[in-house]
Structure formats: C-alpha cells, structure tokens
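Quick note: the sequence shown, position 75, residue 75 per UniProt numbering, numbers continuous.
Just below is one structure, and these are the notes that go with it.
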Amino acid sequence: MAATRGELFAGVTVAIVTPFKNGEVDWDELGKLVDWHCEQGTDALAPCGTTGESPTLTHEENERVVSFVCERAGGRTKVMAGTGSNSTAEAIRMTKAAKRAGANGTLQVGPYYNKPSQEGYFRHFAAIAEATDLPIVVYNIPGRTGSNILPETIARMAEKCPTIVAVKEATGSLDQASSVAALTDLTILSGDDSLTLPLMSIGGKGVVSVVGNIVPRDMMALVRAFAAGKFEEALQWHRKLFPLCRDMLSVSTNPIPLKAAMKLLGRGNGEMRLPMCPIDAAGEAKVRQTLVNYGLLK
C-alpha cells in the first residue's frame, strides 16, 4: 500500500487510562502502566484522550500527565499527546507544552459542545498547525463532540497544513473514511477497536485503541498481519478480538468498563472522577464474563 503522511503513527497507539487515587492522579500507577506498555512493545501511547478522562483533568494536570508519560517512556515508545480543547487558544497552549515535553505528535479532538461550522473547524486546526510544528492527528468523533468534520474540510486542512498528518476516524462510517482516503494522503487510524480491520481494508494504517490497555500484543498482531498481507490471519485476530471490543465496551461509556476490567485483572483500583462513576454489579459481572470468555480470567 502507498505510504501516507503520518506513517510515524502506523500500528497500534494505546489511549491509556489516567489512574487516580483518592481523587488525585496516581503517578506511581501511571509509571507502571507506561513501563508495562514499553515491555509489551506497544507502538505508541496517547495520554489524556477520551480514555484518559481528559475532560475531568485540569489543564495543568493534562500538561503534567503528558510530560510524565514522555519522560517515563524515555524514547522506548512514541507519545501522541491528547492536547485538544474546544478553546483554540487552550489547545495551542497545551500543544506547545507537549512539544516542550518531547511528545512525538498531538491528538486533537474536534472542538466539542460549541459545534463550530466547517469553516470554524478549518480555522481551529489551521491555527494549531500554525502555532507549533508538532505532527497533528485530527480526532473526529461526532458522538462525543456533537458534530462531524466533513471529508472536504479534512481535505482542505491536509492541503493547507503540512503538519496535519493523520485522522483518528471515529465516525463509524466506512464511507466517510473512504472519502478521506480518496481525497488526501493522510494516515487513517481507527478510533473504534472493532472497526480496525474494516478500516485497514480501505487504506487505514492502524488504530488508537482502548482494548490495547489490556491486550496490546493481540491488537498489534491483527494490524501487523494485515500490513504483511496475511489477510486470513488478520481476520482470525479480528474474530477473536471482536467480542472483547463489543461486549466490554458496550456495557457503559468508555472508560468505565475498561477501568472495571483492569481492576478485575489486578491492574489499578478502577477509580474515576465524576461525572464518571463505576458500573453496577450486573455490569461488572458482564465485564468479568467477557474477560473469562477471552481467556484473560479463569
């Protein structure tokens, strides 16, 4: 397949959780998470994304988490820092901080809640690209932001802003992803674990993964098999991973079921910040059964 602009982030980037203890960021636990992913060979980490509960982190905490992850990774894995905001000025400030911290790129969610026009989207991302030379991954997730960044707008951004290198595609629409692939040379990354293989079939190069928090090697096996032309093997991995992606993540809003799963696996205490709260006993039983079915728990 032809090379795309953001091959730096081809493969599996794991959107890591932010561990908390008594309401504060648990730095010891975060350090263990980073070390574990480096040992697993995870291609890249994305701190302070949706899975990292970024809406409940203060801007200062966001900067500290990104800086901590960059320092702890120490070049053992790449860092795609979540520094998006619905305030363009704030996104620029956090992105400059991520650049200083040594991040390899930045994950920029479409401005949420204020629902900009397509022109507003273009100006927002162009302003960030103008302010820093850090490679930008545009994160399009209408289910969270309230509106869609259209393929034509993404194509315009790609044309005018050379540092925009990739799209984290979480619209759930293969038509939209196909349009972006046809209109640009941007690297397309799946924003939904369960759609990784379908997206790769239309030109995608990997995933920004949630289930990679617990099975990074399995996600990497899928992506690498497809990239190597081993389509049957990739399909087998897709079929194995699909129930984990679907059954665990459909129990509640991400990262609620993921943190429950990690707690069941002995990795962290499952603590979240309001308005995120733990699932009930029935939900936890579903998560446990999914882990048992996958072979992660007895």
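Beta carbons: idealized from backbone N, C-alpha and C, even for Gly.
Nothing here was measured: the structure is a model prediction, and the numbers come from that model.
Problem - Reference T13; option with closest CA among D26, T88, I92, N104 - result: On the sequence shown, residue 13 is found 13 positions in, with the first residue counted as 1. Out of D26, T88, I92, N104, N104 has the C-alpha closest to the C-alpha of T13.
Practice task
Would you check if the segment 229 to 244 and the segment 33 to 46 touch, i.e. whether three or more CB-CB distances between them fall below 8 Å?
Solution key: Flag = no, the segment 33 to 46 and the segment 229 to 244 do not touch.
Handout entry: Residue from R123, E53, R93 with nearest C-alpha to I149
Key = Your numbering for residue 149 matches position 149 in the sequence shown. Just measuring C-alpha positions, the residue of R123, E53, R93 sitting nearest I149 is R123.
Problem - 8 Å Cβ cutoff met for P111 and N86 - result: Here the question's residue 111 lines up with position 111 in the sequence shown. Here the question's residue 86 lines up with position 86 in the sequence shown. Yes, Cβ-Cβ distance for P111 and N86 is below 8 Å.
Exercise for the section: Go ahead and label R246 buried or exposed: buried means 16 or more other beta carbons lie within 10 angstroms of its beta carbon, across all protein chains shown. Expected result: For the purposes of this step, residue 246 is identified with residue 246 of the sequence shown, where counting begins at 1. Burial call: exposed.
Exercise for the section: With a cut-off of 8 Å on the beta carbons, I'd call T249 and V210 a contact; round off their distance for me. Expected result: Counted from its first residue, the sequence shown places residue 249 at position 249. Counted from its first residue, the sequence shown places residue 210 at position 210. Thr is not the amino acid found at residue 249; the sequence shown has Leu there. Contact between L249 and V210 is confirmed by a C-beta separation of about 6 Å, below the 8 Å threshold.
Problem - I164, enclosing beta strand (DSSP E) - first and last residue - result: Reading the sequence shown from its first residue, position 164 is the one you call residue 164. Element bounds for I164: 164 to 169.
Practice task
Taking 8 Å as the cut-off, decide whether the C-beta atoms of L258 and V109 are in contact.
Solution key: Sequence index remark: in the sequence shown, residue 258 carries index 258 (1-based). Sequence index remark: in the sequence shown, residue 109 carries index 109 (1-based). Contact flag unset, no.
Practice task
Could you work out which residue in G23, V79, D28 is closest to L57 when comparing CA atoms only?
Solution key: By one-based count along the sequence shown, residue 57 stands at place 57. Closest by alpha carbon: G23.
Handout entry: Continuous alpha helix (DSSP H) stretch holding L160: start and end
Key = For the purposes of this step, residue 160 is taken as residue 160 along the sequence shown, with counting starting at 1. According to the sequence shown, residue 160 is Lys rather than Leu. Element bounds for K160: 151 to 160.
Practice task
Throw me the rounded Cβ distance for the L186 and V180 pair, which I believe falls under 8 Å.
Solution key: Taking the sequence shown and counting its residues from 1, one reaches residue 186 at position 186. Taking the sequence shown and counting its residues from 1, one reaches residue 180 at position 180. The pair is a contact, with the Cβ atoms about 6 Å apart (cut-off 8 Å).
Practice task
Report buried or exposed for C70, applying the criterion of at least 16 other Cβ atoms within 10 angstroms of its Cβ.
Solution key: Position 70 of the sequence shown, counted from the start, is the residue given in the question as residue 70. With at least 16 other beta carbons inside 10 angstroms of its own, C70 counts as buried.
Handout entry: Residues bridged to M80 [DSSP beta-bridge criterion]
Key = The sequence position of residue 80 within the sequence shown is 80, counting from 1. Answer is G105, bridged to M80.
Exercise for the section: Starting from V215, follow the beta strand (DSSP E) in both directions and report where the run begins and ends. Expected result: If you number the sequence shown from 1, residue 215 lands on position 215. Per DSSP, V215 belongs to no beta strand (DSSP E) and is neither H nor E.
Handout entry: Start-to-end residues for the beta strand (DSSP E) that takes in L189
Key = Here residue 189 corresponds to residue number 189 of the sequence shown, with the count starting at 1. Where L189 is concerned, the enclosing beta strand (DSSP E) stretches over 187 to 190.
Exercise for the section: Classify residue 311 as helix, strand or coil using the three-state DSSP reduction. Expected result: Nothing about residue 311 can be read from this structure; the chain reaches only from 1 to 298.
Practice task
Would you mind working out which of G102, P55, L107, R76 sits nearest T83, comparing C-alpha positions?
Solution key: Position 83 of the sequence shown, counted from the start, is the residue given in the question as residue 83. Selected option, being the one with the closest Cα: L107.
Problem - Alpha-carbon spacing of M276 relative to G11, whole angstroms - result: The sequence position of residue 276 within the sequence shown is 276, counting from 1. The sequence position of residue 11 within the sequence shown is 11, counting from 1. Just so you know, the alpha carbons of M276 and G11 end up roughly 29 Å apart.
Handout entry: N- and C-terminal bounds of the beta strand (DSSP E) containing L45
Key = Here residue 45 refers to the residue found at position 45 when the sequence shown is read from its first residue. Unbroken beta strand (DSSP E) run through L45: 44 to 46.
Practice task
Under the assumption that A155 contacts L183 (Cβ atoms under 8 Å), give the Cβ distance between them as a whole number of angstroms.
Solution key: The residue given as residue 155 occupies position 155 in the sequence shown. The residue given as residue 183 occupies position 183 in the sequence shown. Yes, they are in contact, since the Cβ atoms of A155 and L183 sit about 4 Å apart, within 8 Å.
Practice task
Quick one: grab the DSSP three-state call for I128.
Solution key: On the sequence shown, residue 128 is found 128 positions in, with the first residue counted as 1. Look at I128 here: in three-state DSSP terms it is helix.
Exercise for the section: Please report the residue range of the beta strand (DSSP E) in which Y139 lies. Expected result: Locating residue 139 in the sequence shown gives position 139, where the first residue counts as 1. Here the beta strand (DSSP E) through Y139 covers 136 to 140.
Practice task
Return the first residue and the last residue of the alpha helix (DSSP H) that V34 is part of.
Solution key: Numbered from 1 along the sequence shown, position 34 holds the residue referred to as residue 34. Residues 27 to 40.
Problem - Contacting residues, own chain, Cβ-Cβ under 7 Å from N293 (five flanking each side not counted) - result: Walking along the sequence shown from the start, residue 293 turns up at place 293. Around N293: P243.
Handout entry: Close-in-space but distant-in-sequence residues of the same chain around M200 (CB under 6 Å, 5 per side omitted)
Key = The count along the sequence shown starts at 1 and reaches residue 200 at position 200. Taken in chain order, the residues that qualify are F226.
Practice task
Pick helix, strand or coil for T196, following the three-state DSSP scheme.
Solution key: Translated into positions along the sequence shown, residue 196 becomes position 196. Here T196 sits in helix by DSSP.
Exercise for the section: With distances taken Cα to Cα, identify the nearest neighbour of P142 among A126, R64, P116. Expected result: The residue labelled residue 142 in the question sits at position 142 within the sequence shown. It is P116.
Practice task
Using a threshold of 8 Å, state whether the C-beta atoms of residue 319 and E284 are closer than that.
Solution key: Outside the displayed span of the chain (1 to 298) sits residue 319, for which this structure offers no information.
Practice task
Compute the distance between the beta-carbons of P135 and L45, then report whether it is under 8 Å.
Solution key: Position 135 of the sequence shown, counted from the first residue, corresponds to residue 135. Position 45 of the sequence shown, counted from the first residue, corresponds to residue 45. In this structure, L45 does not lie closer than 8 Å to P135 by Cβ.
Exercise for the section: Determine the contact status of E169 and L197, defining contact as a CB-CB distance below 8 Å. Expected result: Position 169 of the sequence shown, counted from the first residue, corresponds to residue 169. Position 197 of the sequence shown, counted from the first residue, corresponds to residue 197. Annotated as distal: E169 and L197, with beta-carbon spacing of 8 Å or more.
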